[in-house]
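Per the working numbering: the sequence shown ends with 174, consecutive numbering throughout.
Glycine residues also receive a C-beta, built at the ideal position from the N, C-alpha and C atoms.
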Amino acid sequence: MADKMVFYHNPRCSKSRSALEILLKKGIQPEVVEYLKWPLSEEDLLVLMDQLGDDMSSMVRTGEVEYDKSRLGKGSEKHEVARALAKYPILLERPVFVVNNKAVIGRPPEKVLQLVP
């Protein structure tokens with residue numbers, strides 16, 4: 058059975074473009090999801106948080122204007138974070154590469170290679 062690979066991508070982000078290029082040069086063709094066009098649901102984000110494991114805390118972009126609107130902070134609960142990311146998809150750190158049930162944030166872009174089978 059082939060590995061299911063999904064790449065959550067923002068084409069305007071240089072790190073996201075670089076990470077995707079790294080995968081493509083390795084012959085890896087993940088399903089590319091432009092999450093700003095097709096935002097993830099709260100349920101999908103909760104699954105993604107589980108897949109990120111320890112990396113979950115780094116999945117929120119705190120420098121965006123929407124971060125202040127979201128009312129998130131260091132003590133925010135998992136469901137609050139998922140709700141905020143669903144409402145403000147720009148807050149999702151990118152890129153995120155998922156292989157089967159494991160995910161990694163591609164910062165630096167080469168980090169996506171950790172999940173290459």
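task: Could I get the ranges of all uninterrupted alpha helix (DSSP H) runs contained in the region 91–116, with 4 residues as the minimum, in chain order?
output: 99–109
field: Cβ-based burial, Gly163 [other Cβ within 10 Å; buried from 16]
entry: Along the sequence shown, read from residue 1 onward, the residue named residue 163 stands at position 106. Buried.
query: Just to confirm, are Pro152 and Leu77 a CB contact at a threshold of 8 angstroms?
result: For the purposes of this step, residue 152 is taken as residue 95 along the sequence shown, with counting starting at 1. For the purposes of this step, residue 77 is taken as residue 20 along the sequence shown, with counting starting at 1. Yes, the Cβ-Cβ distance between Pro152 and Leu77 is below 8 angstroms.
message: Considering only their Cβ atoms, is the gap separating Ser75 from Asn67 smaller than 8 angstroms?
response: If you number the sequence shown from 1, residue 67 lands on position 10. If you number the sequence shown from 1, residue 75 lands on position 18. No, the pair does not count as a contact, with Cβ atoms beyond the cut-off.
query: Starting from Ile162 and walking both ways along the beta strand (DSSP E), at which residues does that stretch end?
result: Locating residue 162 in the sequence shown gives position 105, counting from the first residue. Element bounds for Ile162: Lys159 to Ile162.
task: In the DSSP assignment, find the beta strand (DSSP E) that holds Val153 and state where it starts and stops.
output: Here the question's residue 153 lines up with position 96 in the sequence shown. It spans Val153 to Val156 - the beta strand (DSSP E) in which Val153 sits, taken as one unbroken run.
message: Do Pro174 and Asp101 have their beta-carbon atoms positioned less than 8 angstroms apart in this structure?
response: For the purposes of this step, residue 101 is taken as the residue at position 44 of the sequence shown. For the purposes of this step, residue 174 is taken as the residue at position 117 of the sequence shown. Cβ distance not < 8 angstroms, so Asp101 and Pro174 don't count as in contact.
- prompt: Per DSSP, Tyr124 is paired with what?
  reply: By one-based count along the sequence shown, residue 124 stands at place 67. Note: Tyr124 sits in no beta bridge, so no partner.
- prompt: Met106: which of Val155, Thr119 and Gln171 sits nearest, CA to CA?
  reply: Taking the sequence shown and counting its residues from 1, one reaches residue 106 at position 49. Answer by Cα proximity: Val155.
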